[in-house]
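First to last, the protein sequences are chains A and B. For the first sequence, position 25 matches number 25 in our numbering, and the numbering has no gaps at all. For the second sequence, position 124 matches number 248 in our numbering, and the numbering has no gaps at all.
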Amino acid sequence: MKRIIIADDSTTARMFIKRCLQIIGLGDAEIIEAEHGKEALAAAKAQEVDLLLTDLNMPVMDGETLIKWVKASPKLGDLPVIVITSAGNPAKEAQLLELGAHRVLNKPVSPPAMMDALADFLDD
Amino acid sequence: MIEHKPLYQAMITAVSQTLENMVFMEVMEHFDRSYDIPEEDLVWTSLLINDPVQGEIRLAMPGTLLKKLTGNVFGIDEGDITQPQMDDILNELLNTIVGLFMTNLLADNQEYKMGLPELGDGPLPEIDAIQLSGN
C-alpha cells in the first residue's frame, strides 16, 4: 500500500486531491494530511513515505521551502514531490523543477492531470 | 467596452474556470451593476497581490449560495455543514481564482506573489478610488 502526504492549508483542496487519487486508482493509499510544510516535513521524517503532494502558498512553511528541506535531506532526497498550486506559471514551474519537484500541476487539479503526473509512480 | 479590457477578461476566465471545475457551476455575468448582495446574507474574503504590483482582490457571495456550494462539494446535507467548511471553500475559491487570474494576465516568464486569503467581517469596505488603476 502506498503512503502519500498531502500538504495544503485548505481542507477543500486536500479533499479534492484525495478524490482525484481515488478516481485514478489510489483509493487504498494511506493518506497523511498536513496543513503546512513543517507538518508535512515532520510526517515524512517520521515514517516511510512514497509521495509528497504539496501546495505552495501555506502558512508556517511554504511549499518551496518544504521542497528545499526535502531535497536537502539524505533520507528524503529521492522522495517524489508534486506541486499542486494556484500560483503557478511557466517561470515558477521551471524554478520548482530546478529545486527538485517532479511535476507542477495547476489548481483546480483534475483526475486526468493527476493521472498524467503520477504515471511513473503508478507503474511501480 | 469593458469586455475588451485585459483585466476584465482575465478575471471572467478565472472565475469561470474555477467555478466550473471546483463546484460544477456555470458562470453567467450579472450586467445589472446596481445589484448588491443583501448585507445580512453577505460573506466575503480577500487576498493581497504582493508582486509585481500591489493590490487586493475580494470574493463576495450570498451566504445561502456558499452553503449550497459547500453541501455539493463535500457531499453532505445542509444541516451537517460547518462554518469552517464554508470558510475554507470560500478561501480556496478565491485562492484559485486569483492564481488563474494572474496566470491569465501576465506573461509566461513574469513571476507573481500572492498572500493568503483572509475572511472579511461585516459589509465590504469601500474601495479607495484614488488607488484604482489599470482598469
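Virtual Cβ for every residue (Gly too), placed ideally from N, Cα, C.
Partner residues on chain B for residue i, Cβ-Cβ distance less than 8 Å
{"i": "P90 of chain A", "result": "D232, N233"}
{"i": "M1 of chain A", "result": "In chain order: nothing, as chain B lies at least about 25 Å away."}
C-alpha gap between residue i and residue j, whole angstroms
{"i": "L190 of chain B", "j": "F16 of chain A", "result": "17 Å"}
{"i": "H102 of chain A", "j": "P162 of chain B", "result": "46 Å"}
{"i": "V139 of chain B", "j": "A231 of chain B", "result": "19 Å"}
{"i": "N89 of chain A", "j": "I173 of chain B", "result": "15 Å"}
{"i": "G258 of chain B", "j": "Q178 of chain B", "result": "With a pLDDT of only 47 at G258 of chain B, under the threshold of 50, the placement of this residue in the model should not be trusted; the figure read from the coordinates follows. Their Cα atoms are separated by approximately 12 Å."}
{"i": "D28 of chain A", "j": "V60 of chain A", "result": "30 Å"}
{"i": "M125 of chain B", "j": "Y132 of chain B", "result": "Any answer about M125 of chain B is weak, because its pLDDT of 45 lies below 50 and its placement is not dependable; what the coordinates show is given next. Using only the alpha carbons, I get a separation of about 10 Å."}
{"i": "A94 of chain A", "j": "C20 of chain A", "result": "24 Å"}
{"i": "A113 of chain A", "j": "S86 of chain A", "result": "14 Å"}
{"i": "I152 of chain B", "j": "Q141 of chain B", "result": "In the sequence as displayed, the identity of residue 152 of chain B is Met instead of Ile. C-alpha separation (whole angstroms): 12 Å."}
{"i": "K45 of chain A", "j": "G37 of chain A", "result": "12 Å"}
Extent of the continuous alpha helix (DSSP H) run through residue i
{"i": "M210 of chain B", "result": "207-229"}
{"i": "I17 of chain A", "result": "11-21"}
{"i": "E93 of chain A", "result": "90-99"}
Amino acids of chain A, ordered along the chain, whose beta-carbon sits closer than 9 Å to that of residue i
{"i": "Q209 of chain B", "result": "T11, T12"}
First through last residue of the beta strand (DSSP E) which encompasses residue i
{"i": "P186 of chain B", "result": "179-186"}
{"i": "N174 of chain B", "result": "166-175"}
{"i": "E64 of chain A", "result": "Unbroken run through E64 of chain A is the alpha helix (DSSP H), 63-72; no beta strand (DSSP E)."}
{"i": "I32 of chain A", "result": "30-34"}
{"i": "V104 of chain A", "result": "103-106"}
{"i": "A117 of chain A", "result": "No beta strand (DSSP E) contains A117 of chain A, which is instead part of the alpha helix (DSSP H) from 111-117."}
{"i": "V81 of chain A", "result": "81-85"}
Chain-ordered chain B contacts of residue i [CB-CB under 7 Å]
{"i": "K107 of chain A", "result": "T220, G223"}
Per-residue contacts from residue i into chain A (C-beta, under 7 Å)
{"i": "I213 of chain B", "result": "T12"}
{"i": "E250 of chain B", "result": "Chain A residues near E250 of chain B: none, gap ~27 Å exceeds 7 Å."}
{"i": "L172 of chain B", "result": "Those within 7 Å of L172 of chain B in chain A number zero; the least Cβ separation is about 11 Å."}
Contacts of residue i in chain A (Cβ-Cβ under 8 Å)
{"i": "T227 of chain B", "result": "G88, N89, N106"}
Inset, instruction - Can you give me, in chain order, the residues of the region 178-209 of chain B that have a beta carbon less than 8 Å from any beta carbon in chain A? - result: Cβ contacts with chain A: V197, F198, P208, Q209.
Inset, instruction - Give, in chain order, every residue of the region 109-120 of chain A whose Cβ lies closer than 8 Å to some Cβ of chain B. - result: Under the 8 Å Cβ criterion, the region 109-120 of chain A contributes S110.
Legend entry - Contact list for the region 59-87 of chain A against chain B, Cβ threshold 9 Å: Answer in chain order: P59, T85, S86, A87.
Inset, instruction - Can you give me, in chain order, the residues of the region 131-158 of chain B that have a beta carbon less than 7 Å from any beta carbon in chain A? - result: Within the region 131-158 of chain B, the qualifying residues are T142, N145, M146.
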